[in-house]
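Worksheet for the structure shown next.
2 protein chains.
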Amino acid sequence: MKEKIKNLTKEKIFNYCIKDFAKNGYSNVGIRKISKETGLSTGAIYYNFSSKEKIAWFLYDSATELVLNKIKTAIKKSTNGIEAIKSIISVLFQLTEENLHLMEYVLYVKHKDFLPGVPPICSSKPFEYIKRFIKTKIKEGVFEDMDMVIASSLIMGPIIRVIQLKMDGILKEDLNKYTEPLFNGIVKSVYRNQI
Amino acid sequence: MKEKIKNLTKEKIFNYCIKDFAKNGYSNVGIRKISKETGLSTGAIYYNFSSKEKIAWFLYDSATELVLNKIKTAIKKSTNGIEAIKSIISVLFQLTEENLHLMEYVLYVKHKDFLPGVPPICSSKPFEYIKRFIKTKIKEGVFEDMDMVIASSLIMGPIIRVIQLKMDGILKEDLNKYTEPLFNGIVKSVYRNQI
DNA sequence: GTCTATACACGGATAGAC
DNA sequence: GTCTATCCGTGTATAGAC
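Residue numbers (our numbering), protein chains in the order written: chain A, 1 to 195; chain B, 1001 to 1195.
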């Protein structure tokens, strides 16, 4: 993602805002603060983004796109449906460890409070992609035949929960430690061929 | 809860704010708007609450207290650990159907953006109560022996996920319909004595 | 206890120099 | 393309009459 941002000023704004929007909330971060913290003038900021809202949209698009790509490659690399679940957990935990602010911006921020018409995050590209994957695996008989709402909640619910515990500061440990045990629990709830 | 609010003005403010804070976000709801929509003057509002933040605290305390009480009675009424899980799901779904705004305010709103020092919602009274319950049941051998982080995520993750789908408007159906199938999935993931 | 009027700070955004 | 200075609206909160 960062590679795609040609413009140094835009990158500075991106890096600062994703951190501060996630930490303190969009409305608590003013243009003046962004200006002060990035060392850029308000003029420079408004030259690159026509409004504060556009900054938030840019963050939203970049962040969801990055998560989508990670998920895609994780699923594609997997040889079977059950392994893919582990890859999804692993890649989301990894991403949280590497780039907590980005994951906070994706999963924790209430975008609809300041981005008019934004889809709920569960309907954003990465999560729609996962839903389609689950649907396929149900059809193929890998996962038990169940309502999509139930299936996606049983799979994604616990994963998101753990990530949020990390974001809330409840969990200090490296999330990768939880990949295996969480996977085991999730599999039991949806996998067809119980051991 | 409403019964406890002796003061009519306070009740008006409560009813309006819990709805609008949840829907549009705390910072997007000004005193002038609250005044206009409740038919009260700003003077009356500030007579009852010394600041806007105090309104938010009042909502937070009342709402978490109500959820805590519902959870408590649900667990106490249950004869065994596994039935208690169903009761928890049921009562939370019921509450969402009856009082969506209240549940939105509890589960969806990012309190830390405007309530300095507020604990993350997973550390609020109702959720701490559930955690203690889970811990007990693990000790008693009802649930499999697993890390508390994993156990509580496998149980609460899917429940919260479904509720958030409702809050996001993805789910139109009555949540009670999902109690049974979700319960079945969750039980498989944590219950010790598989069938 | 509730009203109206108002103080005052801070928000986003723009203009125009460089 | 970035700077500084400034406009104007809206935010929370208060004062003082009733």
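The beta carbon of each residue, even a glycine, is placed where N, CA and C say it ideally should be. Predicted model, so just to flag it, every value in this text is computed and none were measured.
- Taking B/K1125 as the centre and dropping the five residues before and after it, the same chain places the C-beta of T1064 and L1068 closer than 6 Å to its C-beta, in chain order.
- About 7 Å separates the Cβ atoms of B/S1062 and B/F1014, confirming a contact at the 8 Å cut-off.
- Within the same chain, I121, I160, I163, Q164 and M167 come within 8 Å of A/L107 by CB-CB distance, once the 5 residues on both sides are set aside.
- Listed by position along chain A, the residues whose Cβ is nearer than 9 Å to that of B/V1118 form an empty set, because the closest Cβ is around 11 Å away.
- The Cβ of B/R1161 sits closer than 8 Å to at least one Cβ of chain A.
- Put simply, the backbone Cα of B/K1077 is about 9 Å away from that of B/E1083.
- Annotation: B/T1073 to B/L1102 spans about 19 Å, alpha carbon to alpha carbon.
- The beta carbon of A/I31 is closer than 7 Å to those of T42, I45 and K52 in its chain, skipping five residues each way along the sequence.
- Judged by beta-carbon spacing, A/L182 lies within the 8 Å limit of B/S1153, meaning their Cβ atoms are closer than that value.
- For B/Y1178, the chain A residues whose Cβ falls inside 7 Å of its Cβ are V149 and I150, in order along the chain.
- Remark: C-beta atoms of B/S1027 and A/S27 approach each other more closely than 8 Å.
- According to DSSP, B/F1143 shares a beta bridge with B/Y1191.
- In this structure, A/I130 sits away from A/A151, with a CB-CB distance that is not shorter than 8 Å.
- A/L175 and B/T1038 have their C-alpha atoms roughly 46 Å apart.
- Of the candidates B/K1012, B/C1017, B/G1025 and B/L1100, the residue whose Cα lies closest to the Cα of A/K112 is B/G1025.
- Taking a Cβ-Cβ cut-off of 7 Å, the neighbours of B/P1181 in chain A comprise M146, D147 and I150, given in sequence order.
- Residue contact with chain B for A/L68: absent (no Cβ-Cβ distance below 8 Å to any residue of chain B).
- B/V1142 sits close to B/G1081, with the two beta carbons spaced by under 8 Å.
- A/V187 is the residue among A/E11, A/V187 and A/T136 whose C-alpha sits nearest the C-alpha of A/M156.
- Counting other Cβ atoms within 10 Å of its Cβ, A/K12 reaches 16 or more and is therefore classed as buried.
- B/E1140 sits exposed, since fewer than 16 C-beta atoms from the chains shown fall within 10 Å of its C-beta.
- Not a single CB atom of chain A sits nearer than 8 Å to the CB of B/I1134.
- Just measuring C-alpha positions, the residue of A/R192, A/L171 and A/Y16 sitting nearest A/E97 is A/L171.
- In the displayed model, B/Y1108 falls within coil according to three-state DSSP, outside both helix and strand.
- Sorting A/M146, A/Y47, A/P158 and A/F133 by C-alpha distance to the C-alpha of A/F93 places A/P158 at the top.
- Taking every protein chain shown into account, the CB of B/Y1105 has 16 or more other CB atoms within 10 angstroms, so this residue is buried.
- Contact between B/I1089 and B/F1133 does not hold, since their C-beta atoms are separated by about 13 Å, which reaches or exceeds 8 Å.
- Your pair A/C17 and A/I71 does not check out as a contact, with CB atoms roughly 24 Å apart and the cut at 8 Å.
- Close to A/I170, with beta-carbon spacing below 9 Å, are these residues of chain B in chain order: P1120, C1122, S1123 and V1149.
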